[in-house]
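Peer 1: I'd like to ask you about the structure that follows.
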């Protein structure tokens, strides 16, 4: 028999729990009416699951919970409360509760939660598939010993010391910038500036100025000269990520720089010499784009001085255990979860055999979500996202990314300036964070891509068409409509609240009645990319 202990001063609550659980799937219910007798039963009987009233006459349930954790940190605790306020729920979950139940109790819900807690407790007693190490994982670095990754390492070694242009090709989320940094750090330019520019995150009309700089008066709002990134990293290395998204006008200027190592600032006539190494990356089929006329063939030839192909995660599955250990160590440290011991064999099996369409970045995101969902010491399969357990993609179609536009136009004081200037100033602020400059590139730093920012003009205020969605999914023969519809509605809820709060996650958490960590978790789960755009409406 599996022992379950209920601690509650309310005799009726104890009766409902006892009558509903006793004998159900092998459960044996123990009862205590106060904290002291409950602690004695825990030490003597070692129950597998505990149902605990959060408000006991002589004990604060949260304080008692901490004492219970000191006795046995593996017992899943389900709080029982008559207080349905958000603050109570937040406190309970922050303390590390498995879940909480609101009074009056529903027997079916009590059973379901208790059985889930029993399974989680059993998972903690299993030999873990591998242990999560102590301490901080190394900063960003390559993880992998597969043959495919060994070829990548060899390619980096061959090209790093050569002063040639490098093109890194691979799917999104494979770690192309890590390759760029590794090439730079092993080159003779390692002590020189390193600049990374995400071409897809900067509006076309501003990318040329960002790369090449501009002169005073080059356009409305250009009140002073600006030094571009190519000029800033003279003698160093520039990484042009997503170069396939670059306009043909800018492509032409980059081609000239590659050919002659010279350029002019926007609006200027002075020819500027520069000595910069270009490393570019793309996940797009540039050869097809050449055929379509959207990418310059001569630029493609210039970029192809040396090509590094980065394999998708599904082609190096033998590296998944190493990546899991690395990312779980990071999450364990970052989220202050020293009690985590490892991953259950069942969870490990699911993670090992998932296809990972989002590659390493998606794997890292799933790891962080799993740690957030885990209240015990072992990460079990129940803690993994649904799409991993079911072996499917997060969505049935092309993954949909919600964009939250932060509109602070009401906070902007009116100023006397041409509308074109206002628009340019607003647009320039749109790509803060799209460019990273590292003046000491040999000192690696970690930037979590899981919660990265993107910028878009996309309107996310459209209502979720529930009726059409349900009809469509039923027509497609879904057998998981309840979960799918809830996921879509929750996605819209978080998107709308984040937009209403100007991207303020703390405020969003307060409105939603959840923790800020849960908001961050949902941002990652749903792919919500919080924009930092300041929109300024045209004046009439």
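Numbering (the numbering used here), first residue to last: 126 to 665. Note that the Cβ used here is the ideal one computed from N, Cα and C, for glycine as well.
Could you check where the alpha helix (DSSP H) with residue 355 kicks off and where it finishes?
Peer 2: That run of the alpha helix (DSSP H) goes 354 to 357.
Peer 1: Got a sec? Which residues, its chain only, sit under 7 Å from residue 245 by beta carbon, not counting five neighbours each side?
Peer 2: Here the set comprises 201, 223, 501, 505 and 507.
Peer 1: State the Cα-Cα distance for the pair residue 316 and residue 192, rounded to the nearest angstrom.
Peer 2: If I take the Cα positions, the gap works out to 53 Å.
Peer 1: Pairing CB atoms from the stretch 439 to 447 with CB atoms from the stretch 400 to 407, are three or more of them under 8 Å?
Peer 2: The stretch 439 to 447 vs the stretch 400 to 407: no contact.
Peer 1: Report the three-state DSSP secondary structure of residue 498 (helix, strand or coil).
Peer 2: Correct three-state label for residue 498: helix.
Peer 1: Under the DSSP definition of a beta bridge, which residues are partnered with residue 157?
Peer 2: Note: residue 157 sits in a beta bridge opposite 132.
Peer 1: Who are the near neighbours of residue 159 in its chain, counting only those whose CB is closer than 8 Å to its CB and skipping five residues on each side?
Peer 2: So the qualifying residues of the chain are 132, 134, 181, 182, 183 and 184.
Peer 1: Give me the DSSP bridge partner(s) of residue 226.
Peer 2: DSSP output for residue 226 lists 205 as bridge partner(s).
Peer 1: Buried or exposed: where does residue 363 fall if 16 or more other Cβ atoms within 10 Å of its Cβ makes it buried?
Peer 2: Classification for residue 363: buried.
Peer 1: Which residues bound the beta strand (DSSP E) around residue 178?
Peer 2: Here the beta strand (DSSP E) through residue 178 covers 174 to 178.
Peer 1: Going by CA-CA distance only, name the one from 292, 176 and 645 that's closest to residue 228.
Peer 2: Out of 292, 176 and 645, 176 has the C-alpha closest to the C-alpha of residue 228.
Peer 1: Should residue 521 go down as buried or exposed, given a rule of 16 or more other Cβ atoms within 10 Å for buried?
Peer 2: Reliability of the predicted coordinates at residue 521 is poor, the pLDDT of 43 falling under 50, and the value obtained from them is presented with this limitation in mind. Exposed.
Peer 1: Helix, strand or coil: how does DSSP classify residue 286 here?
Peer 2: Looking at residue 286 - three-state DSSP - the assignment turns out to be coil, as it is neither helix nor strand.
Peer 1: Name the residue from 644, 625, 621 and 620 whose alpha carbon lies nearest to the alpha carbon of residue 631.
Peer 2: Out of 644, 625, 621 and 620, 644 has the C-alpha closest to the C-alpha of residue 631.
Peer 1: Indicate whether residue 492 and residue 449 have their beta-carbon atoms separated by less than 8 Å.
Peer 2: The answer is yes: Cβ separation under 8 Å.
Peer 1: Among the candidates 652, 446, 377 and 396, whose CA atom is the shortest distance from the CA of residue 423?
Peer 2: That would be 377, whose Cα lies nearest to the Cα of residue 423.
Peer 1: Would you please state the rounded distance, in angstroms, between the beta carbons of residue 299 and residue 484? I believe it to be under 8 Å.
Peer 2: Residue 299 to residue 484, Cβ: 5 Å. Contact.
Peer 1: Tell whether a beta-carbon distance below 8 Å holds between residue 366 and residue 406.
Peer 2: It is a contact, given that the beta carbons lie within the stated cut-off.
Peer 1: One question on the structure: do residue 130 and residue 155 come within less than 8 Å of each other, judged by their Cβ atoms?
Peer 2: The answer is yes: Cβ separation under 8 Å.
Peer 1: Which of the three DSSP states is assigned to residue 337 in this structure?
Peer 2: Three-state DSSP puts residue 337 in a helix.
Peer 1: From 469, 322 and 453, pick the residue whose C-alpha is nearest to that of residue 462; which is it?
Peer 2: Out of 469, 322 and 453, 453 has the C-alpha closest to the C-alpha of residue 462.
Peer 1: Excluding the 5 residues preceding and the 5 following residue 153 in the sequence, name in chain order all residues of the same chain whose CB lies nearer than 6 Å to its CB.
Peer 2: Correct list, in chain order: 126 and 128.
Peer 1: Taking contact to mean 3 or more Cβ pairs, one atom from each stretch, closer than 8 Å, check whether the stretch 275 to 289 and the stretch 414 to 428 are in contact.
Peer 2: No contact exists between the stretch 275 to 289 and the stretch 414 to 428.
Peer 1: Going by Cα to Cα distance, which pick from 349, 516 and 648 is closest to residue 494?
Peer 2: Checking every option, the nearest Cα to that of residue 494 belongs to 648.
Peer 1: Could you tell me which residues DSSP pairs with residue 362 in its beta bridges?
Peer 2: Paired residue(s): 319 and 402.
Peer 1: Note down, in chain order, each residue of its chain lying with its Cβ closer than 8 Å to the Cβ of residue 226, except the 5 sequence neighbours on either side.
Peer 2: For residue 226, where only same-chain residues beyond five positions count, the Cβ hits under 8 Å are 176, 203, 204, 205, 206, 234, 235 and 238.
Peer 1: Quick one: what does DSSP say residue 151 is sitting in, helix, strand or coil?
Peer 2: Note: residue 151 maps to helix in three-state DSSP.
Peer 1: With residue 434 as the anchor, note down where its beta strand (DSSP E) starts and where it stops.
Peer 2: 432 to 434 is the span of the beta strand (DSSP E), which, as asked, contains residue 434.
Peer 1: If the criterion is Cβ atoms closer than 8 Å, does the pair residue 671 and residue 465 meet it?
Peer 2: In the structure displayed, the chain extends from 126 to 665; residue 671 sits before or after that span and is not available.
Peer 1: Rounded to a whole number of angstroms, what is the C-alpha to C-alpha distance between residue 187 and residue 634?
Peer 2: Taking the straight line from one Cα to the other gives about 21 Å.
Peer 1: Going by DSSP, which residues form a beta bridge with residue 185?
Peer 2: Paired residues: 180.
Peer 1: Select from 480, 479 and 456 the residue whose C-alpha is nearest the C-alpha of residue 499.
Peer 2: Comparing Cα positions, the closest option is 456.
Peer 1: Tell me whether residue 432 is buried or exposed, calling it buried when 16 or more other Cβ atoms sit within 10 Å of its Cβ.
Peer 2: Its Cβ having fewer than 16 others within 10 Å, residue 432 is exposed.
Peer 1: Taking residue 371 as the reference, give the member of 410, 325, 360 and 337 with the closest Cα.
Peer 2: Measuring from the Cα of residue 371, the nearest candidate turns out to be 325.
Peer 1: Quick check: what's the CA-CA separation for residue 271 versus residue 333?
Peer 2: If you take the alpha carbons of residue 271 and residue 333, they lie about 40 Å apart.
Peer 1: Where residue 627 and residue 655 are concerned, what is the direct C-alpha to C-alpha distance, given to the nearest angstrom?
Peer 2: Answer to the nearest angstrom: the Cα atoms are 9 Å apart.
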